[in-house]
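Using this note's numbering, you'd call the opening residue of the sequence shown number 4 and step up by one each time. To keep things clear, I will list the structure first and then write my remarks on it.
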Amino acid sequence: MMLPPWLESLLSTTFFTGCSIHGASARSECNMYCLDCAGTGAFCIYCRETMHPHHNVIQIRRSSYHDVVRVGEIQRFLDVGGVQTYVINNARVLFLNERPQPRGGAAAAGKAAGGRACEVCGRSLLDSSRFCSLGCKVAAIKNNRNLHLIHGAAAAAVVVEKEEEKRHLKIYRSTSPPPRTTSNARRRKGIPQRAPMGT
């Protein structure tokens, strides 16, 4: 299976360094990547405005000192199905590369206990995903596994379909009343009484 020409370069790029051109400006960390100019490396938001104004650019973010990308941004160009996603700051993201395993063999313990694990690196997974990161999925594709990466118009159709599902879910949620929660922890035990007046 052929990979998009920019994908391996994206996974090997170092992000969050200072921009050599706009280093004196605020917010000049290199956290952008151009899919049209594959191999040019990371650049800052000011470089985007001047050198990549009408290109397909994605923004890389940090979570726990690791690079992540919003699913909505990368999904337009790749099929990220099977990759574990997380919600960070109200945005669904996925990790670009494999992360170090936790100490104590937590991944092996999770797999032995019936939990899911990444098919490439063995990291514990939270749901029915097959891979912990985009890098692990690429490694599996290179090993001739039966996987695919959709890009172009087919990926756009997937995004449109998921947006329609979200819209339907929002309509359903707005028509049903919110569930009532009763908590005994905050209810008063009785009517408050004033302390007796001393004379």
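Note that CB positions come from ideal geometry on N, CA and C, so glycine has one too.
Taking the beta strand (DSSP E) that residue i falls in, what are its first and last residues?
i: M35; result: M35 to C37
i: L13; result: Looking at the DSSP string, L13 is not in any beta strand (DSSP E); the run it does join, the alpha helix (DSSP H), is L10 to S15.
i: D96; result: Inspection of the sequence shows that residue 96 is occupied by Val rather than by Asp. V96 -> beta strand (DSSP E) spans A94 to F98.
i: V72; result: H69 to R73
i: V123; result: Looking at the DSSP string, V123 is not in any beta strand (DSSP E), and its letter there is neither H nor E.
Is residue i helix, strand or coil by DSSP?
i: G21; result: strand
i: A115; result: Unreliable placement is indicated for A115, whose pLDDT of 46 sits below 50; no coordinate value is reported for it.
i: Y89; result: strand
i: I194; result: coil
i: L129; result: coil
i: K173; result: At K173, the pLDDT of 48 sits below 50, so the modelled position is not reliable; the number obtained from the coordinates is stated separately. In the structure shown, K173 sits in a helix (DSSP, three-state: H, G or I).
i: E101; result: coil
With the cut-off set at 8 angstroms, would you say residue i and residue j are in Cβ contact?
i: A143; j: E122; result: yes
i: P8; j: F80; result: no
i: C22; j: C47; result: yes
i: M35; j: A27; result: no
i: C203; j: Q87; result: Since the first residue of the chain shown is 4 and the last is 202, residue 203 is not available in this structure.
Could you check which residue in the options has the C-alpha nearest to that of residue i?
i: V83; options: F98, P8 and V90; result: F98
i: T43; options: L14, D70 and A27; result: L14
i: N59; options: C37, G21 and N92; result: C37
i: I61; options: V71, C135 and T53; result: V71
i: I63; options: E52, R73 and T88; result: R73
i: L10; options: P195, Q196 and G138; result: G138
What residue range does the alpha helix (DSSP H) around residue i cover?
i: V60; result: Taken as a continuous stretch (DSSP letters only), V60 belongs to no alpha helix (DSSP H), being part of the beta strand (DSSP E) at V60 to S66.
i: M54; result: I48 to M54
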